[in-house]
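Step one of this worksheet: look at the structure below.
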Amino acid sequence: MKKAILYLEDGRKFIGQALSVPGETSGEVVFNTSLTGYQEILTDPSYAGQIVVMTYPLIGNYGVNLEDVESGKVHVKGFVAKEFCKYHSNYRANKSLIEYLHDHNIIAIEDIDTRALTRHLRERGAMRAIISTVDFDDRSLAEKMKKVPSMEGADWVKEVSTSKPYIWPMPQGVTPVYKVAAIDCGIKWNILRIFASLGCEVHVFPSIATPEQLLAIKPDGVFISNGPGDPAAVTSVISTVKQLLGKLPVFGICLGQQILGLAMGGKTYKLKFGHHGANHPVKDFVYDRIGITSQNHGFCVDLKSLGPDVEMINVNLNDKTMEGLRHKKLPIVSFQHHPEASPGPHDVHYLFEYFIDLMKRKP
Amino acid sequence: MILGAGPIVIGQACEFDYSGTQACKALKEEGYEIVLVNSNPATIMTDPEFSDHTYIEPLTPEFLEAIIEKERPDAILPTLGGQTALNLAMKLYENGVLEKYKVQVLGATYEVIKKAEDRECFKKAMIKIGLDVPRSGCAYNLEEAKAIASDIGFPVIIRSSFTLGGTGGGFAHNMEDLERMAALGIESSMIHEVIIEESIAGWKEYELEVMRDKKDNVVIVCSIENLDPMGIHTGDSITVAPAQTLTDNEYQTMRDSSLKIIREIGVETGGSNIQFAVDPKTGRQVVIEMNPRVSRSSALASKATGFPIAKFAAKLAVGYTLDEIQNDITRVTPACFEPTIDYCVVKIPRFTFEKFPEAKDILGVQMKSVGETMAIGRTFKEALQKGLRGLEIGHTGLDNKLNYKKIPNDKLKKRLEEPNASRIFYLKYALQKGWTPEEVAEITKIDIWFLAHIKDILDFERKLIETFQREDTLSDDLIRKAKQYGFSDAQLAEIMEIDEMTMYKLRKSKGITAVFKLVDTCAAEFEAYTPYFYSTYEEEDEAVIQIARMNKEHGGARKKIMILGGGPNRIGQGIEFDYCCCHASFALKEMGFETIMVNSNPETVSTDYDISDRLYFEPVTFENVMNIVDIEKPDGVIVQFGGQTPLNLARKLRDAGVPIIGTSVESIDLAEDRQKFSQVIDKLGFVQPANGSAFTAAEALKIADQIGYPVLARPSYVLGGRAMRIVYERKALSSFIEEAKEVSPGHPVLIDKFVEDAIEVDVDALCDGEDTFVAGIMEHIENAGIHSGDSACVLPPPTISEVVIEQIKNDTCTLAKTLKVIGLLNIQYAIKGRRLYVLEVNPRASRTSPFVSKATGIPLAKIAAQIMAGKKLKEFNLTYAQLERLKHFSVKESVLPFSRFSGVDIVLGPEMKSTGEVMGTAATFGEAFIKSQISAGQMLPEKGKIFISVKDEDKRAIVFIAKRLVDLGFSLISTRGTAKVLRSNGVEVEETKRYDQGQNKGDSSVELIEKGEIALVINTPSGEVSQYDMRSIRSSAILHNIPCITTLQGAWAAVNGIEERMKHKCTVRSLQELYKV
């Protein structure tokens, strides 16, 4: 155990203990209120550039396993909890979370008042932070903070997108019905797993893929994935998507929705502390149904900035923010929350059907 | 119409008062006219202001029909009153009452209840929706049985269909076991059928609390993981919220299943509880059962998350949807969400095996605990240690009551193998001995996750001890860490070889103080307004922030009064005290005070966050109370209402400078200290039974010889008459002294002359230090010698003369004034002839306070609280004339848990054994009594054969009772002695053989009971050594649900009641009507 500091950009600090990895890391600090699913969270590319605080105090209880991953690596820049569990228990576990973080060289800090930290972020908004086991000097930390990039305006997509196109394998016994071109902005594997189970053969493209490259495979639809950072900074993808609108069904999740909103000429704005958790109620106006959803976003599309042709089909019941949109004339649909869950409830898996329907109806 | 759950029994405790009270409030708020029915007077929900028509009447189809006929409700809500209410709704449907009066059932329909409750239906439904259940099959012969068992794989559970009391069932670990048990099972089954089921004992057990609305929105409120594996009733298990060892993937699978289940079973609206078992080796999940109603776990889930399940269930039942209800805590978000928590909750059951020494403390599938405590901490370690303190069984945490070195390995192994009430401590002892968590897990099937945390605690404790021994001090960092691990000041004091108070002061001087965190349903994601707190040792204190905000909202600080609750329910201290605490809060709020509640019992109304201005969910211990006092600085603290728990803290709190209001600590002591109290009695010229106190057997014998046998002997400083006994001779007294030493070591044994054949009277009074008002004089139906908590009593007293009543009033006023009582006072008297003996004075809320309040309409606890806060009795205009105007009798009857403890005799004595009470009211004593019996489940017959066997002293008196029974058309059967006396007095009676005399199989009394030929048993046991025969008669009566009366006075009252009932149909009247007279 080694003393560590979590230093926030507004000067507030928390002293705790670091797990095995020493050193220093920085990023935007956000809190996640999920009770389970830390392994999925760690491997979710949308968290690139961020330090994640788990509000549930006991993290690591069931260890880690080989299956519950959302990408090939750990993306968070730092991990914070009240107590990391030294002894895990689960029949699928292959190692402890502490070992896992060590293996992935992630700096993690425990033994701090995570509730106070969460309250602070709620009041002041998401902000940058440094975790250090080497530097405890306020002035020096404040100096370093100046060099930590802000989330606003940061293009993190290029850091996490695939370098080469690939095809996600179909599960045994499922024959492909649709061909989907996916723009990988940091795609979660569970989206791919669900697409495959629904009979979609997904061709995953780097985010820098051109419209021509995407269309070359003659897809039935295009999917814009989730991903990290400020959507407004991902200009190349926005312009790619612009050129595809109206040509074929387009579907977006999370960052994908924000990019769609921008491509349709709308605006996005930063939420104070974002939505990161697995208990947000979302109402679907089309089905008149409420689902408990998995959420992970810091930005939101401004509905008013979009024309009358775009309608809100999902709303967050907690803060009434937009959670899903649909174009009235063109085959465009997207969701701000995560129908693929992982982690989180499976209530809104059915939302994939919106896209499948569009592809079905495609002439 | 809302149905309550009736008396507190094991398995159905005050959680249903909590849910019913919430339902009444929620629906009243919506403008509905409410008819409430519950037979339990100690509940908050039966307060006349919570509903429009409050019926304290028996919960039977007959009485409900009468109430329905009278009130004509539009709908009935049966899902908030436990299994009792659900079963009643089923019966009312089946017998056509609901259809006849066009009453709609809310929450769950008949079909839904049937589908969920019928094992076979439920299993079929689960298979239909593709869920896994334990594999099983039915066999009608040995070959089939063997084939099924080999298919399933051993071990298997064998259950014989349609037998009583589970004969012919059990675990078979191999073919040999199976052959033997299946043969027996097939033979004993009425339809020659055995069910062979896969054993899932030892699997991990989980529960999910689910809510659904009419638009099919479903949310999971809370997940719960049991520390104890499958095979131990979840009510008897230590449980933890949220689930700890499920990955998201597995948790979501369980969640998906729950959604499917609630939809398939069809619970339209409200809460349900679904149980799962998980194979720790493969992760296979099977569905165990579902309760289509609010349950004990729902109460726990509500308190654990802040999500008021019962209140929302009531609103959903009348048509709201989850998104239309606001979350009170955040004020901005809807109830349609899933709470997320940022702490760990541990629930620990409280047992009372010490009350039933013949019963083993082994746990199994039948629930045996009588109460529970819940603790909230930021970590499991902290919550577990807090919970163990909150249990109030003398543990200061996961402490070292026993020296692990002195426990032999084989005993330790046995205590680990057999699940029992103190297993949690044996886990520690085993780990202290160096057994690995893996080894302990193998023996106990308790998940290694829990064991590893327990090991963390003891490793840290070892570090503290070693550090202190080496350095003679502990660093601030270590002390702080210890507090975060949940160590109490008392535990640390022991390590540092100082006392608790010194440790408390030392800790404070080092600035290591508790902070309070909010329970807010959302892990701080939204601002929370509900002031519901728990303590921990971290940086930020939210209580301070909330207090400031509330002061601002109220335009400045108000005076505040803190009320200490009673902790977990136990025999002798239950819902009555929670009732008093809640009333104190209501009354003080009315006066403009800010009220602060401290309690650790999740089943209660007092721990509902909207009862008081602030709720601290904390163990009621000196340390935890002081932590709150330090932050809140209350103007007054009330210790009178929570039973013995807060009373025991009174002196220590006062010494620490806490402003205790009401009767002073000195007066409480004066009443409890026998010597001082005797002096007071003498000075006043009152009479007390001759008495003395002894430290040794020789002293005791000397005293007893002086005052003469029989004597009432008891250890001092105990609750509920613990180990109290009537002793008839020297030898028995000597052996009692030995036992008493164990029960209350270091304290004297008290010896009183036992006043035989006296009438006992309980008096509840109010006093403001000057004036006294005697609110209720209750005459016990059983003679003195039976604990007042177990005795039935009636108000007003039917057989006591005016002269004696006047004397009781006068003496009560004198005693109240002498003791300078401010608040409530309870006195027990014994009357023999015209002589009035003062048995006991308790200057605090008594168990009978709610009963008296309900019987008279005078809210005693409320008035008492206001008196403590400075009002004068005069201001309430209470007059005796007011009481005398009431033209009805009220009978309180107790409800006993004997059926839960096999092998325990059901004889009543000076040690309290009842878990709950019921009340019957009517214009005549007979009718009120019979109602109380019906409510208590004693179904007195109107025809049939009555078994009578009484001790010699009662033989003369039984003759007249027997004659009346014959006149009423009953036939009698007696053992030889009793039969002889009856016959010689001209009463016709059949004679039965004693069990041991039974010549021919089938004609002993026990067998007659088993055959259902006996409708009522009247048996007064003789002296200390009751004959084996009689004991088995009583046990078998209990087993076969045949009413059994063990006192002469009880028999008298029963005859009156039976006669009344045969004369006319029982009437039903609401409290509101009774008070209007």
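These protein sequence lines are chains A and B, in that order. Position 195 of the first sequence, counting from 1, maps to 213 under my numbering, and the rest follow consecutively. Position 170 of the second sequence, counting from 1, maps to 1243 under my numbering, and the rest follow consecutively. Think of the CB as a built atom: it goes at the ideal place given N, C-alpha and C, for glycine as much as any other residue. In this text the structure is predicted, and so the values were computed from the model without any measurement.
As assigned by DSSP and simplified to three states, the class of residue i
{"i": "B:D1978", "result": "coil"}
{"i": "B:A2126", "result": "helix"}
{"i": "B:E2063", "result": "strand"}
{"i": "A:F102", "result": "strand"}
{"i": "B:T1952", "result": "coil"}
{"i": "A:P299", "result": "strand"}
{"i": "B:A2151", "result": "In the structure as shown, chain B begins at 1074 and stops at 2150. Residue 2151 of chain B is therefore absent and cannot be evaluated."}
{"i": "B:G1238", "result": "Bear in mind that the predicted position of B:G1238 carries a pLDDT of just 46, short of 50, making it unreliable; the figure below should be weighed with that in mind. Residue state, collapsed to three classes: coil."}
{"i": "B:N1160", "result": "helix"}
{"i": "A:M377", "result": "helix"}
{"i": "A:S158", "result": "helix"}
{"i": "B:F1690", "result": "strand"}
{"i": "B:C2117", "result": "strand"}
{"i": "A:G274", "result": "helix"}
{"i": "B:S1261", "result": "helix"}
{"i": "B:M1327", "result": "helix"}
Residue interval of the alpha helix (DSSP H) (run including residue i)
{"i": "A:P8", "result": "Residue numbering for chain A in the displayed model covers 19 to 381; residue 8 of chain A lies beyond these limits and cannot be assessed."}
{"i": "B:K1518", "result": "Counting along the chain, B:K1518 falls outside any alpha helix (DSSP H), and DSSP gives it neither H nor E."}
{"i": "A:C396", "result": "Here chain A comprises residues numbered 19 to 381, so residue 396 of chain A is not present and cannot be evaluated."}
{"i": "B:G2050", "result": "R2049 to S2057"}
{"i": "B:P1923", "result": "S1922 to T1929"}
{"i": "B:T1718", "result": "Q1717 to D1728"}
Endpoints, the beta strand (DSSP E) within which residue i is located
{"i": "B:T1127", "result": "H1126 to Y1128"}
{"i": "B:R1787", "result": "V1784 to P1788"}
{"i": "B:D1837", "result": "I1832 to D1841"}
{"i": "B:T1312", "result": "T1312 to A1314"}
{"i": "A:Q35", "result": "K31 to A36"}
{"i": "B:F1846", "result": "T1845 to N1856"}
Beta-carbon neighbours of residue i, restricted to chain D and to distances below 7 Å
{"i": "B:F1453", "result": "The question asks about chain D, but that chain is absent: this structure's protein chains are A and B."}
Query raised in the report: Three or more beta-carbon pairs under 8 Å between the segment 1593–1611 of chain B and the segment 1491–1503 of chain B, yes or no?
Result: no
Requested in this report: Please confirm if the segment 1850–1867 of chain B is in contact with the segment 1696–1708 of chain B, defined as three or more CB-CB distances below 8 Å between the two stretches.
Outcome: no
Report task. Could you say if the segment 161–172 of chain A and the segment 140–152 of chain A meet the contact criterion of at least three C-beta pairs nearer than 8 Å? Result -> yes
Requested in this report: Inspect the CB distances between the segment 2127–2138 of chain B and the segment 2012–2020 of chain B and report whether three or more fall short of 8 Å.
Outcome: yes
Requested in this report: May I ask you to list, following chain order, the residues of the segment 1521–1536 of chain B that have a beta carbon less than 7 Å from some beta carbon of chain A?
Outcome: I1521, W1522 and A1525
Query raised in the report: Whole alpha helix (DSSP H) runs in the segment 188–258 of chain A with 4 or more residues, listed along the chain?
Result: 207–215 and 229–234
Query raised in the report: Taking three-plus beta-carbon pairs below 8 Å as touching, is the segment 1654–1665 of chain B in contact with the segment 1991–2000 of chain B?
Result: no
Query - Chain-ordered residues of the segment 64–79 of chain A with a beta carbon less than 7 Å from chain B - result: T73, Y74, P75, L76 and N79
Report task. Output, in sequence order along the chain, the residues in the segment 110–134 of chain A whose CB is closer than 9 Å to any CB in chain B. Result -> R110, A111, D129, I130, D131, T132, R133 and A134
Query raised in the report: When Cβ atoms are compared, which residues of the segment 1309–1343 of chain B fall closer than 7 Å to chain A?
Result: P1315, Q1317, T1318, L1319, T1320, D1321, N1322, Y1324, Q1325, R1328 and D1329
Query raised in the report: Is there contact here, the segment 1408–1418 of chain B with the segment 1370–1381 of chain B, by at least three beta-carbon pairs under 8 Å?
Result: yes
**Report entry** Under 8 Å (Cβ pairs) to chain A, residues found in the segment 1399–1421 of chain B
**Finding:** V1405, T1406, P1407, C1409, F1410, E1411, P1412, T1413, I1414, D1415, Y1416 and C1417
Requested in this report: Take every Cβ of the segment 298–305 of chain A, pair it with every Cβ of the segment 254–264 of chain A, and state whether three or more of those distances are shorter than 8 Å.
Outcome: no
**Report entry** 3 or more residues per run - each beta strand (DSSP E) lying fully within the segment 1603–1662 of chain B
**Finding:** 1605–1609 and 1633–1637
Query raised in the report: Along the segment 307–339 of chain A, what residues have a CB closer than 7 Å to any CB found in chain B?
Result: I308, I310, L335 and N336
Requested in this report: Ignoring anything shorter than 4 residues or poking outside the segment 1393–1464 of chain B, list the alpha helix (DSSP H) runs there in chain order.
Outcome: 1453–1463
Query - Proximal residues, the segment 83–98 of chain A versus chain B, C-beta separation under 8 Å - result: N83, E85 and D86
Query raised in the report: When Cβ atoms are compared, which residues of the segment 46–58 of chain A fall closer than 8 Å to chain B?
Result: F49, T51, S52, L53, T54, G55, Q57 and E58
Query raised in the report: Going along the chain, which unbroken runs of the alpha helix (DSSP H) with 4 or more residues stay wholly within the segment 1522–1604 of chain B?
Result: 1549–1557, 1562–1568 and 1573–1582
Report task. Decide yes or no for the touch test of the segment 1944–1960 of chain B against the segment 1606–1621 of chain B: beta carbon pairs closer than 8 Å, at least 3 of them. Result -> no
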